[in-house]
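What follows is one structure encoded as structure tokens, with my remarks underneath.
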Amino acid sequence: MSRKPKAKPPLAPPAAPAPPGRDAVLQRLAEQINRGFGAERMRREAAAVIDDLKAALPPDAVAERLEEISEQLAAGVEAAEEQGGDIDQGSKSAVAAYETMLAALRATHSAFSRRD
């Protein structure tokens with residue numbers, strides 16, 4: 001008598017649509033930063049998003065959208081910097097994780113702030 005193999009649970013839950021009032025682009029970028037993507041990876045991700053926006057929207061709408069995203073990311077950088085004081089400086093792993101996250105957030109903001 002053979003047994004059926006147990007179905008393995010998915011590694012990650014399927015991506016849910018952004019809740020109303022939430023920006024899908026910002027949500028995606030935040031998820032990537034929270035997963036530990038580094039600064040260089042986030043620059044590439046931001047460039048891909050910007051290219052997608054340029055392909056999908058007229059130039060004036062692209063500029064407006066980039067400005068909105070840049071403002072939100074600036075607020076995120078500011079909030080993260082303020083929370084940096086709460087990090088246990090005795091925990092090397094906590095400090096390293098914070099520094100990686102902040103560098104990725106700053107890189108993302110910088111990418112969206114440029115007006116190429």
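For the sequence shown, the UniProt record's numbering gives the first residue as 1, with consecutive numbering after it.
Ideal Cβ positions, reconstructed from N, Cα and C, are used throughout, including at glycine.
*Nearest to residue 145 by CA position, among I33, R43, E31 and Q27, is which residue?*
Any question about residue 145 goes unanswered here, given that the chain covers just 1 to 116.
*Helix, strand or coil for L102 per DSSP?*
Here L102 sits in helix by DSSP.
*Alpha carbon to alpha carbon, what distance is there between E82 and L53?*
About 31 angstroms.
*asked:* Which of the three DSSP states is assigned to D23 in this structure?
replied: In this structure, D23 counts as coil in the three-state DSSP scheme.
*Decide if R65 is buried, meaning its Cβ has at least 16 other Cβ atoms within 10 Å, or exposed.*
In the assembly as shown, R65 is a buried residue. Its beta-carbon has 16 or more other beta-carbons within 10 Å.
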